[in-house]
Amino acid sequence: IQLIEQASAAWTRMQVAAHGEGITITPLSGFRSVARQVELIRNKLQSGAAIEQVLSIIAAPGYSEHHTGRAIDLGIPNQPPLEESFERTAAFSWLAKHAASYGFHLSFPRNNPHGIVYEPWHWCWISI
8 IQLIEQASAA
18 WTRMQVAAHG
28 EGITITPLSG
38 FRSVARQVEL
48 IRNKLQSGAA
58 IEQVLSIIAA
68 PGYSEHHTGR
78 AIDLGIPNQP
88 PLEESFERTA
98 AFSWLAKHAA
108 SYGFHLSFPR
118 NNPHGIVYEP
128 WHWCWISI
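The sequence shown runs 8 to 135 under the working numbering.
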């Protein structure tokens with residue numbers, strides 16, 4: 008998982024703090040190139056999804072926070088990755104309470120203005 012240096016340091020501090028409280032949070036995805044974003048969208052389209060649906064779950068190439076190296080998708084062991092059910096975990100509760108103090112925010116809450124589906128697993132480092 009690649010992040011810019013400041014985001015990586017903040018992520019490490021946040022993960023250690025969560026672990027100290029008995030919460031395990033696992034990084035699933037960090038930096039993503041524009042070419043990889045194109046590949047993800049192409050795969051969805053080839054599987055039969057409509058472009059409108061695809062762009063509600065994957066940002067258009069050039070517009071993803073993952074391109075900046077500041078976004079990280081998070082999960083927990085033994086749970087399906089990148090699922091809305093993540094919001095019902097102790098890890099999400101911990102993040103909702105503490106992530107901002109490490110400079111991270113939930114990028115795509117319910118009814119966000121970006122038109123992206125709710126992603127409780129997607130957090131972006133802004134700074135503190």
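Idealized CB from N, CA, C, for every residue including glycine. This structure is a prediction, so every number in the text was calculated from the model and none was measured.
{"query": "4-residue-minimum alpha helix (DSSP H) runs that sit fully inside the stretch 73–107, ordered along the chain", "result": "97–105"}
{"query": "C-alpha gap between P34 and T19, whole angstroms", "result": "10 Å"}
{"query": "Cβ of S36 within 8 Å of any chain B Cβ", "result": "Given the protein chain composition of this structure (a single chain), no chain B is represented."}
{"query": "Own chain residues within Cβ distance below 6 Å of S36, not counting five before or after", "result": "D80"}
{"query": "Alpha carbon of L31 to alpha carbon of G69, nearest angstrom", "result": "Reading off the sequence, residue 31 comes out as Thr, not Leu. Straight-line Cα distance between these residues: approximately 31 Å."}
{"query": "Residue environment, E126, which counts as buried when at least 16 other CB atoms sit within 10 Å", "result": "buried"}
{"query": "Euclidean distance between Cα positions of A17 and I133", "result": "10 Å"}
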